Amino acid sequence: MLVRLDKFLADRGLGTRSEVREILKKSRVRINETVCRDGAVKMDPLQDRILLDDCQITYEAFRYYMLNKPAGVITATTDPHCQTVMDLIREPRSNTLSPVGRLDKDTVGLLLITDDGSLNHYLLSPRKHVDKTYEVTCAKPFDDTMKQALEQGVCLGGGEHAAPASVTLLSENRIHLTIQEGKFHQVKRMLHAVNNEVIHLKRIRMGSLVLDDTLAEGEYRKLTAAEIAALCQGLERS
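Quick note on the working numbering: the sequence shown kicks off at 11 and runs consecutively.
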């Protein structure tokens with residue numbers, strides 16, 4: 011796979027094409043130890059070793075980011091009226107990235123942002139049974155009757171039914187709820203079905219990926235190699 015050197019460097023976030031040309035003019039870039047000043051030179055990012063000021067620039071087939079979504083931001087790529095989660099991602103070529111699934115406007119927590127379409131499809135497919143865990147703060151005390159109902163599956167209304175969930179009681183008004191579906195307002199509708207309401211909702215896990223508790227709301231980071239490998243294990247087996 012051959013690509014232009016200036017495109018490769020720009021895609022790695024080193025600046026615009028014109029900024030990259032200035033970097034090249036200053037003899038700061040080498041291909042396999044040979045200084046290269048011409049951005050039009052074709053190189054193979056999988057085979058060639060590219061260095062900027064002695065630091066190797068690595069090739070990424072796909073990009074993966076963990077966002078701690080804040081309240082008040084919608085899960086969409088663009089919106090003419092509201093701030094979107096993609097407005098928070100300050101990365102080159104962010105228009106090629108998209109959120110995996112959606113969180114309601116007032117829901118916070120873990121959101122995966124990627125350009126890996128196959129992984130996106132795998133994580134959202136109902137047939138793959140990928141766990142999604144939420145920390146739920148309830149309006150009323152959560153009792154054993156509610157727990158049993160959610161673990162057996164509840165009617166959401168409108169002919170929809172939620173599959174059995176896993177529930178862990180954290181305190182009188184707080185639970186961890188794990189589901190494998192992604193129906194519209196599902197967690198809120200599930201709590202409503204057992205005569206309770208959600209007053210705060212935070213996603214803390216999706217598949218093997220766990221929200222980094224050092225990320226403040228609105229912050230994001232790249233996934234580690236170990237996190238990516240764990241997420242993609244299920245995809246490779248499917």
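From the three backbone atoms N, C-alpha and C, an ideal C-beta is built for every residue, glycine too.
Computed from a predicted structure; not experimentally measured.
Rounded C-alpha distance that separates residue i from residue j
i, j, result
"residue 123", "residue 151", "35 Å"
"residue 76", "residue 117", "15 Å"
"residue 173", "residue 228", "31 Å"
"residue 241", "residue 146", "24 Å"
"residue 216", "residue 231", "16 Å"
"residue 238", "residue 86", "23 Å"
"residue 115", "residue 201", "18 Å"
"residue 36", "residue 46", "10 Å"
"residue 24", "residue 90", "29 Å"
"residue 98", "residue 104", "10 Å"
"residue 159", "residue 134", "25 Å"
"residue 190", "residue 66", "40 Å"
"residue 93", "residue 112", "14 Å"
"residue 102", "residue 138", "31 Å"
"residue 167", "residue 71", "43 Å"
Residue of the options minimising C-alpha distance to residue i
i, options, result
"residue 53", "68, 183 and 196", "68"
"residue 194", "46, 35, 170 and 39", "170"
"residue 120", "213, 225 and 218", "213"
"residue 64", "115, 137, 161 and 38", "38"
"residue 84", "109, 62, 61 and 102", "109"
"residue 236", "225, 224, 218 and 226", "218"
"residue 106", "182, 51, 113 and 74", "74"
"residue 144", "192, 168 and 182", "192"
Neighbourhood of residue i by C-beta, 6 Å cutoff - its chain only, sequence neighbours within 5 removed
i, result
"residue 176", "188"
"residue 20", "27 and 30"
"residue 61", "40"
"residue 209", "147 and 149"
CB-CB length for residue i against residue j, believed under 8 Å
i, j, result
"residue 207", "residue 165", "In fact, because the Cβ distance is near 17 Å, the residues do not count as touching under 8 Å."
"residue 59", "residue 42", "5 Å"
"residue 15", "residue 49", "5 Å"
"residue 157", "residue 179", "7 Å"
Spatial neighbours of residue i in its chain, beta-carbon cut-off 7 Å, leaving aside the 5 residues before and after
i, result
"residue 245", "128, 129 and 132"
"residue 204", "156, 159, 160 and 164"
"residue 56", "11 and 69"
8 Å Cβ shell around residue i - same chain, five flanking residues per side excluded
i, result
"residue 222", "76, 78 and 231"
"residue 161", "174, 175, 176 and 177"
If you scan the segment 54-125 from start to end, which runs of the beta strand (DSSP E) of 3 or more residues do you find wholly inside it? 60-62, 74-79 and 118-124
Please give the ranges of any alpha helix (DSSP H) in the segment 135-162, keeping only runs that are unbroken, at least 4 residues long and fully inside the region. 154-162
Every unbroken beta strand (DSSP E) within the segment 210-246, with a cutoff of 3 residues, ordered by chain: 230-232
Which ranges would you report for the beta strand (DSSP E) in the segment 160-184 if only whole runs of at least 3 residues count? 164-167, 170-172 and 176-181
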